[in-house]
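*Asks:*
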Amino acid sequence: MSEFETVAKVGDIPAGEGRAFRVQSRLVAVFFVDNQYSAIDDICPHMGASLSTGHVEDGGVICPWHAWKFCVREGTWLDNPKSQLNVSKYEVRVQGDEIQVRVPESSGNKTYSEPQ
41 MSEFETVAKV GDIPAGEGRA FRVQSRLVAV FFVDNQYSAI DDICPHMGAS
91 LSTGHVEDGG VICPWHAWKF CVREGTWLDN PKSQLNVSKY EVRVQGDEIQ
141 VRVPESSGNK TYSEPQ
């Protein structure tokens, strides 16, 4: 089973915003919305934009490139909730002043590697 990884400190992510972090070679977007942290894939499945840089409203993040909207808690595509097109969600916890995320080892999301 994968372990939780510390990605930030409480207060590092402003309310109503997200930040991207690398967790187990994946880019994960962590959001602080309604006094709760949540984590989903950072990569939009449409064209690969960073969801963490999108506008957050009504519990969703709007992709900055083409305005697709995803739920920051569940990863569902809010423009078409019946669609199978979603982004993965991840478990988040706060331990003391640390925000921690766990990405399952078998997660099928896109991986990130440093440019060569």
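Converting from the sequence shown to the numbering used here requires adding 40 to each position, the first position being numbered 1.
Quick reminder that beta carbons are idealized off the backbone N, C-alpha and C, glycines included.
On a predicted model such as this, the values are computed, not experimentally measured, just so you know.
If distances are taken between C-alpha atoms only, which option among Gly56, Val47, Arg133, Val50 comes closest to Asp98?
*Replies:* The shortest C-alpha separation from Asp98 is found at Gly56.
*Asks:* Rounded C-beta distance between Ile102 and Gly94? I'm assuming under 8 Å.
*Replies:* The Cβ separation is near 5 Å, so the contact holds.
*Asks:* Expressed to the nearest angstrom, what Euclidean distance is found between the alpha-carbon atoms of Gln140 and Asp74?
*Replies:* Using only the alpha carbons, I get a separation of about 18 Å.
*Asks:* Tell me whether Ser123 is buried or exposed, calling it buried when 16 or more other Cβ atoms sit within 10 Å of its Cβ.
*Replies:* Ser123 should be labelled exposed.
*Asks:* Could you tell me whether the Cβ atoms of Val70 and Val132 are closer together than 8 Å?
*Replies:* Taking 8 Å as the Cβ cut-off, Val70 and Val132 qualify as a contacting pair.
*Asks:* In terms of alpha-carbon separation, which member of Thr116, Ser42, Leu91 lies closest to Pro104?
*Replies:* If we check each option's Cα against that of Pro104, Leu91 comes out closest.
*Asks:* Can you grab the Cα-Cα spacing for the pair Gly115 / Arg66, in whole Å?
*Replies:* About 15 Å.
*Asks:* For Ala79, count the other beta carbons within 10 Å of its own beta carbon; 16 or more makes it buried, fewer makes it exposed. Which is it?
*Replies:* By the neighbour-count rule (16 or more Cβ atoms within 10 Å), Ala79 is buried.
*Asks:* According to DSSP, is Ser78 part of a helix, a strand, or is it coil?
*Replies:* Strand at Ser78.
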